[in-house]
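Below you'll find the structure, written out as structure tokens, and then a few comments.
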Amino acid sequence: MANEGDPIFSPISLPASGRKVRNRLVKVSLYEHLATLFGGPPNGYHFQLYSKWSAYDWGMIFTGNIQVSPQHLCLARDLVLPNGLPEQSLRTFRELASAMHGEREQQPLAIMQLSHAGRQSPIILGGRFPFTPPLGPSTIRLGSSLKHKGILSDLLHRIMFQIPRSMSLADIDDVVNGFVRGARLAAQTGYDGVELHAAHGYLLAQFMSLKSNQRTDEYSCTPSNALRLLHRIVLDIRAAVPSDFILGLKLNAADYTDSGEVTRALDHVRTIAEWKMVDFIEISGGDYEKPDFLTHSASPSVRQTLFAEFSLQALGAVESIPQGPLILLTGGLTTPAQLHGALTSGHAHLLGLGRSAVLCPDLPARLKQERTADPRMPFSQQPDLRVGDDAWHWILARLPRINLLGAGVAMAWYVVALRRLTTPGSLLRRPDYTVRGMGGIVWMWAWFGPEVSRFHTGATGWRFSLVSGFVVVAAAVLVWASNVMC
3 MANEGDPIFS PISLPASGRK VRNRLVKVSL YEHLATLFGG PPNGYHFQLY
53 SKWSAYDWGM IFTGNIQVSP QHLCLARDLV LPNGLPEQSL RTFRELASAM
103 HGEREQQPLA IMQLSHAGRQ SPIILGGRFP FTPPLGPSTI RLGSSLKHKG
153 ILSDLLHRIM FQIPRSMSLA DIDDVVNGFV RGARLAAQTG YDGVELHAAH
203 GYLLAQFMSL KSNQRTDEYS CTPSNALRLL HRIVLDIRAA VPSDFILGLK
253 LNAADYTDSG EVTRALDHVR TIAEWKMVDF IEISGGDYEK PDFLTHSASP
303 SVRQTLFAEF SLQALGAVES IPQGPLILLT GGLTTPAQLH GALTSGHAHL
353 LGLGRSAVLC PDLPARLKQE RTADPRMPFS QQPDLRVGDD AWHWILARLP
403 RINLLGAGVA MAWYVVALRR LTTPGSLLRR PDYTVRGMGG IVWMWAWFGP
453 EVSRFHTGAT GWRFSLVSGF VVVAAAVLVW ASNVMC
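Here is the structure:
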């Protein structure tokens with residue numbers, strides 16, 4: 003068994019809410035792709051999935067990103083907040099919270115992640131009609147800041163991502179209300195807290211980035227205004243929920259090509275810490291123009307170095323402020339030695355694991371029982387994310403390149419692996435490593451679970467599934483093309 007002094011299994015208190023996390027292992031958010039087409043509430047697939055994780059010793063468990071706007075989805079099968087608080091929707095969210103808490107005496111904390119995709123919400127898949135643009139801080143299309151895109155890359159970005167409509171002050175008020183409504187729903191249905199997704203180029207991050215925000219009003223990207231929207235949401239949530247409700251934020255590590263951005267990001271961390279209203283800041287990195295958080299194309303050591311350097315500075319910044327938030331490090335943690343090192347070397351207070359939690363859902367129990375043969379070896383076998391044989395690679399190598407760096411291939415593979423955990427019962431179905439990158443793309447989209455169960459009698463459900471599926475898969479082909487040609 004693990005030593006009692008093992009820092010991984012030591013408890014820690016959250017500064018703003020006063021709640022205690024029983025250990026440092028956090029199952030962070032992953033895109034699940036399990037909801038009904040064009041968004042919906044939690045369903046049986048979610049309940050089964052999260053009951054698998056809650057059976058083991060995770061300190062906190064996060065939902066996937068739950069969209070506050072049904073017109074700003076990511077990839078069509080997102081969880082979405084209901085309009086109002088109908089009892090049926092409350093029931094399904096309660097059931098998900100119950101699945102996340104599990105049946106053990108010592109339960110993990112259940113955290114709902116709230117998100118708004120903004121300009122990164124694609125056409126059709128994002129839940130809007132083809133000629134309805136998404137909202138954004140300014141009229142800057144996703145991908146427009148990329149250099150040397152090439153004709154095909156530019157065409158695909160123009161097809162999939164529209165020029166956003168610059169948000170009015172009324173639009174901004176609606177977004178604030180949406181996040182607050184999500185926090186109220188979470189508190190009402192048994193969650194211990196929420197995390198606001200202000201990373202990966204989503205709407206809150208868009209207001210904080212010069213790449214996407216060229217406003218000149220009070221929501222501009224100047225140092226005094228860049229966090230204004232986020233601050234409003236945090237203030238209003240704290241006023242709407244109990245004092246022991248957990249509130250966390252997810253932020254980008256940095257734009258790695260511009261050293262000045264690191265300084266600006268650290269300034270944001272210090273400012274947020276001075277609010278004294280946030281329990282933790284999750285450090286991640288990248289956006290969909292530069293998706294370091296999704297891709298396997300960079301070596302793990304490079305990603306680990308980038309995250310570690312920034313998290314070390316961020317932890318120093320928050321610890322210099324009384325009641326500063328904890329730092330949750332996500333990304334590049336794939337071995338027991340790295341987990342211990344992140345804590346003992348002062349890079350993080352909490353350890354975020356996403357894909358490792360799919361490959362090894364019982365990881366906390368394994369670590370506790372010291373069932374890892376070599377602390378320097380990965381927790382589990384890593385997938386082969388190549389999209390095909392040598393001939394396929396030869397063809398792709400000669401096609402115009404675009405800049406999403408194969409992110410969709412990796413995400414799709416883990417969605418398929420995650421889906422295997424939704425099997426009823428306590429049995430953990432391990433990933434199918436015979437599925438490679440192309441298989442992940444195919445099997446991610448060739449799935450009609452919630453629709454078929456919803457219309458299980460007659461032909462109505464199959465017609466709905468097939469017609470809707472055809473539309474989604476047609477759009478997904480463009481997403482796939484823009485992801486794998488790299």
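At position 166 of the sequence shown (counting the first as 1) the number is 168 in the numbering used here, and the numbers step up by one without a gap. Beta carbons are placed, not taken as given, at the ideal position from N, Cα and C, and that holds for glycine. Quick caveat, the model's predicted, so the values are computed rather than measured.
- Relative to residue 29, the option among 145, 44 and 333 whose CA is nearest is 333.
- About 17 Å separates the beta carbons of residue 31 and residue 74, which is beyond the 8 Å limit, so they are not a contact pair.
- DSSP places residue 354 within a strand segment (E or B) once states are collapsed to three.
- CA-CA distance, residue 94 to residue 191, rounds to 9 Å.
- A contact is defined here as three or more CB-CB pairs under 8 Å, and the stretch 33–42 fails this definition with respect to the stretch 10–22.
- For a cut-off of 8 Å, the C-beta gap from residue 352 to residue 26 is around 5 Å, short enough to register as a contact.
- Here DSSP, grouped into helix, strand and coil, assigns residue 69 to strand.
- Nearest in C-alpha terms to residue 47, of all of 422, 172 and 431, is 422.
- Within the model, the alpha-carbon separation for residue 215 versus residue 140 is close to 5 Å.
- Residue 332: not part of any alpha helix (DSSP H); member of the beta strand (DSSP E) spanning 328–332, first to last residue.
- Here residue 364 has 58 and 430 as same chain residues with Cβ atoms under 7 Å from its own Cβ, once five neighbours each way along the sequence are excluded.
- The Cβ atoms of residue 251 and residue 285 do not sit closer than 8 Å to each other.
- In the DSSP assignment, residue 28 falls outside any alpha helix (DSSP H) and within the unbroken beta strand (DSSP E) covering 27–29.
- Apart from the 5 residues on each side of it in sequence, residue 248 sits with its Cβ closer than 7 Å to the Cβ of 16, 19, 21, 111, 113, 194, 195 and 281 in its chain, given in chain order.
- Residue 138 places its beta carbon 8 Å or farther from that of residue 162.
- Contiguous beta strand (DSSP E) elements confined to the stretch 59–131 occur at 62–69 and 111–117, taking only those with 3 or more residues.
- Under the three-state reduction of DSSP, residue 347 is assigned to coil, being neither helix nor strand.
- For residue 198, the enclosing beta strand (DSSP E) covers residues 195–200.
- Residue 235: member of the alpha helix (DSSP H) spanning 230–242, first to last residue.
- The beta-carbon distance between residue 446 and residue 414, rounded to whole angstroms, is 4 Å. This is short enough to meet the 8 Å contact definition.
- Bounds of any alpha helix (DSSP H) do not take in residue 45, whose DSSP letter is neither H nor E.
- For residue 209, the enclosing alpha helix (DSSP H) starts and ends at 205–209.
- Taking residue 204 as reference, the option from 105, 218, 68 and 109 with the minimal CA-CA separation is 68.
- Under a 10 Å Cβ-count criterion, residue 85 is classified as exposed, with fewer than 16 other Cβ atoms of the shown protein chains found around its own Cβ.
- The C-beta separation of residue 180 from residue 83 comes to about 7 Å, placing the pair in contact by the 8 Å criterion.
- Taking a C-beta distance under 8 Å as the contact criterion, residue 185 and residue 244 do not qualify as a contact pair.
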